[in-house]
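K.L.:
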Amino acid sequence: MPNHHPRPISQLSPLTLLFPLALVLFEFATYISNDMILPAMPTIVHLFGVDPSHIPSAMSLCLLGGASLQWLLGPLSDRKGRKPIMLAGVLLFIFACIAIIFVHSYSWFLFFRFLQGTGMCFIGAVGYAAIQESFTEATAIRVTALMANVALIAPLIGPLAGAMLLQASDWEWIFIFVAIIATISALGLWRFMPETSPKISSPLKVSSLKNDYMAVLRNRRFLAGAISIGFTSMPLLAWIALAPLILMNDAGLSTIDYGYWQIPVFAGLILGNIILAKVVGSVPIYRIIKLGSIPFLLGFVLSLHLIYAPTAWIWLVASLSISAVGIGIINAAQFRLALFASDQSKGTVSAALGIIIMIIFSLGIELAKLAHEYAGNAGFVMVCIAGALTAVTARRRFLRGQFGEDAQ
Numbered sequence: 223m224p225n226h227h228p229r230p231i232s233q234l235s236p237l238t239l240l241f242p243l244a245l246v247l248f249e250f251a252t253y254i255s256n257d258m259i260l261p262a263m264p265t266i267v268h269l270f271g272v273d274p275s276h277i278p279s280a281m282s283l284c285l286l287g288g289a290s291l292q293w294l295l296g297p298l299s300d301r302k303g304r305k306p307i308m309l310a311g312v313l314l315f316i317f318a319c320i321a322i323i324f325v326h327s328y329s330w331f332l333f334f335r336f337l338q339g340t341g342m343c344f345i346g347a348v349g350y351a352a353i354q355e356s357f358t359e360a361t362a363i364r365v366t367a368l369m370a371n372v373a374l375i376a377p378l379i380g381p382l383a384g385a386m387l388l389q390a391s392d393w394e395w396i397f398i399f400v401a402i403i404a405t406i407s408a409l410g411l412w413r414f415m416p417e418t419s420p421k422i423s424s425p426l427k428v429s430s431l432k433n434d435y436m437a438v439l440r441n442r443r444f445l446a447g448a449i450s451i452g453f454t455s456m457p458l459l460a461w462i463a464l465a466p467l468i469l470m471n472d473a474g475l476s477t478i479d480y481g482y483w484q485i486p487v488f489a490g491l492i493l494g495n496i497i498l499a500k501v502v503g504s505v506p507i508y509r510i511i512k513l514g515s516i517p518f519l520l521g522f523v524l525s526l527h528l529i530y531a532p533t534a535w536i537w538l539v540a541s542l543s544i545s546a547v548g549i550g551i552i553n554a555a556q557f558r559l560a561l562f563a564s565d566q567s568k569g570t571v572s573a574a575l576g577i578i579i580m581i582i583f584s585l586g587i588e589l590a591k592l593a594h595e596y597a598g599n600a601g602f603v604m605v606c607i608a609g610a611l612t613a614v615t616a617r618r619r620f621l622r623g624q625f626g627e628d629a630q
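First residue of the sequence shown? That's 223 in this note's numbering, and the numbers climb one at a time after it.
#1: Please report the residue range of the alpha helix (DSSP H) in which A473 lies.
#2: Can you tell me which residues form a DSSP beta bridge with V603?
#3: Quick one: what does DSSP say V325 is sitting in, helix, strand or coil?
#4: Going by Cα to Cα distance, which pick from N256, A367 and I587 is closest to L498?
#5: Quick check on this structure: which residue in L493, A460 and L475 has the alpha carbon closest to the alpha carbon of I607?
#6: Anyone know if the C-beta pair for H380 and D257 falls short of 7 Å?
#7: What distance in whole Å lies between the Cβ atoms of A534 and L528, which are believed to be in contact at a cut-off of 8 Å?
#8: Are the C-beta atoms of G287 and some chain D residue less than 7 Å apart?
#9: Would P173 and G384 be called neighbours here (beta carbons separated by less than 7 Å)?
#10: Would you say Q292 and A573 are within 7 Å of each other, going by their C-beta atoms?
#11: Quick check on DSSP: helix, strand or coil for V272?
#12: Quick check on the DSSP output: the alpha helix (DSSP H) that includes A460 runs from which residue to which?
#13: Assuming M436 is part of the alpha helix (DSSP H), what are its boundary residues?
#14: Taking three-plus beta-carbon pairs below 8 Å as touching, is the region 265-281 in contact with the region 321-331?
#15: By Cβ distance, which residues of its chain are closer than 6 Å to A613, with the 5 residues on each side in sequence left out?
#16: Using 8 Å for Cβ pairs, my map puts A554 next to I363. What's the rounded Cβ distance?
#17: Exposed or buried, D392, counting other C-beta atoms within 10 Å across all chains shown (16 or more means buried)?
#18: At the level of alpha carbons, what is the spacing between L240 and V539?
#19: Would A244 pass as a contact of C319 if the rule is Cβ separation under 7 Å?
#20: Quick one: what's got a C-beta closer than 8 Å to V502's C-beta in the same chain, skipping five residues either side?
#21: Can you tell me the Cα-Cα spacing of V571 and G521, whole angstroms?
#22: Excluding the five sequence neighbours on either side, which residues of its own chain have a C-beta within less than 7 Å of the C-beta of L388, listed in chain order?
#23: Does the pairing of the region 431-444 with the region 290-304 give three or more beta-carbon distances under 8 Å?
#24: Quick one: Cα of P531 to Cα of A376, how far?
#25: Leaving aside the five residues before and after E627 along the sequence, list all residues of the same chain whose C-beta is less than 6 Å from its C-beta, in chain order.
#26: Exposed or buried, L237, counting other C-beta atoms within 10 Å across all chains shown (16 or more means buried)?
#27: Output the boundary residues of the alpha helix (DSSP H) element that contains A385.
#28: In chain order, what residues of the same chain lie with their CB nearer than 8 Å to the CB of A264, ignoring the 5 residues before and after it?
#29: Considering only the alpha carbon of each residue, which of S356, Q338, G576 and F414 lies closest to G447?
#30: Can you check the region 473-503 for any alpha helix (DSSP H) of at least 4 residues that lies completely inside it and give the ranges in chain order?
#31: Can you say whether L559 is buried or exposed, counting buried as having 16 or more other CB atoms within 10 angstroms of its CB?
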């Protein structure tokens, strides 16, 4: 018999926000581990005798790590409980942050970046499933949007903070700082995370896993939603991965200036999440998503200028900043809809969603890296536009399936 767990929360209070705060602190740690190290990547590849073209691979492997365990963690937490699985993930992340300090080759550096990336598996397949189960729909979307704003402080301040830290110390101290943040998060999760798992009594078998995932993946509406979410954010992830090449290697910016020029993009993302938090509950979700599509597409239309002026990196930053507003409005709302598009257990659905998204991110980054290598900023922009168009096409199919013709 499934265990009973508390009814979903509809009213927010300081006490009910302690669990989301502890979870988002861990999410912040996983993000900041990537964003703070980015300014150091040219130095790190030089230290290990590797060509700068391999810089984006560190982020690609981190994202692949974020897809590697989700297939198991969702169903496992459905049976063993969300809380113990979540705490195990935080401890694994802390270990990877400490171990990477002692590496002596770029291969081992990439391995531990992959291991750090597995922390995102636990956030998506376990943590966010628990958030959605703990709160009612409108409240969950509001909490998710607020969490996104806290998490997005990482890419907003991370590159600049990393650059400043590098002025005073070595890159290893970045991961020591991140490990401390993750430790604080672990204590908060241990104290405040509720147990929302249905505690399914059936044993975890490969055949049952296959059947559960096939049931999710046969849901075309879910697939459309997952593909749309992945390709909506893919250009932003590609920008994060390639920004050290575009801004420091190509444009010749210093590590400090690189950090400053990341601020407009993530300020746009935070603005989008603030808009979402303000209107959710009073505006239908599909209308919110349509609203976000306006700045999302406008930014990519403006980025076409890079085809004719490929060295105009300031224009690229400006256009991505506009699109980021739309991404901030769209993603939290669409994540909720995609998660509940399937009737399977939320741990399994969340895991499938996370796997699809992370694979799209990783492939998108590698494709953007190749395009930039052969065609510079113009090639990078074309990959981003292709991703945006794919997102819009999948989103139209997803919303039509959920809300009918009015949602298109």
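C-beta atoms are modelled at their ideal positions from N, C-alpha and C, and glycine is treated no differently.
P.N.:
Looking at the coordinates:
#1: Looking at the DSSP string, A473 is not in any alpha helix (DSSP H), and its letter there is neither H nor E.
#2: DSSP output for V603 lists no bridge partner at all.
#3: coil
#4: When the alpha-carbon of L498 is set against those of N256, A367 and I587, the nearest one is in A367.
#5: A460
#6: The residue asked about is misnamed: residue 380 is Gly in this sequence, not His. With respect to the 7 Å criterion, G380 and D257 are classified as neighbours on the basis of their beta carbons.
#7: 6 Å
#8: You won't find chain D in this structure, because it holds only one protein chain.
#9: What is shown of the chain runs 223 to 630, which leaves residue 173 out entirely.
#10: yes
#11: coil
#12: R442 to A465
#13: V428 to L439
#14: yes
#15: Short of 6 Å from the beta carbon of A613, and not among the five residues preceding or following it, lie these beta carbons of its own chain, in chain order: S450, F453 and T454.
#16: 6 Å
#17: exposed
#18: 35 Å
#19: no
#20: A360, I363, R364, A367, I510 and A555
#21: 31 Å
#22: P261, A262 and T477
#23: yes
#24: The sequence shown places Ala at residue 531, not Pro. Those two C-alpha atoms are separated by around 31 Å.
#25: Residue placement at E627 is flagged as unreliable, the pLDDT there being 47, under the threshold of 50; the coordinate-derived value follows with that caveat. Around E627: no qualifying Cβ.
#26: Exposed: under 16 other Cβ atoms inside 10 Å.
#27: Unbroken alpha helix (DSSP H) run through A385: I375 to A390.
#28: Here the sequence assigns Pro to residue 264, which means Ala is not the residue at that position. If we look at P264 and ignore the five residues flanking it on each side, its Cβ neighbours are P274, I277, P466, M470 and N471.
#29: For the residues S356, Q338, G576 and F414, the minimum Cα distance to G447 belongs to G576.
#30: 477-501
#31: Under this definition L559 is a buried residue.
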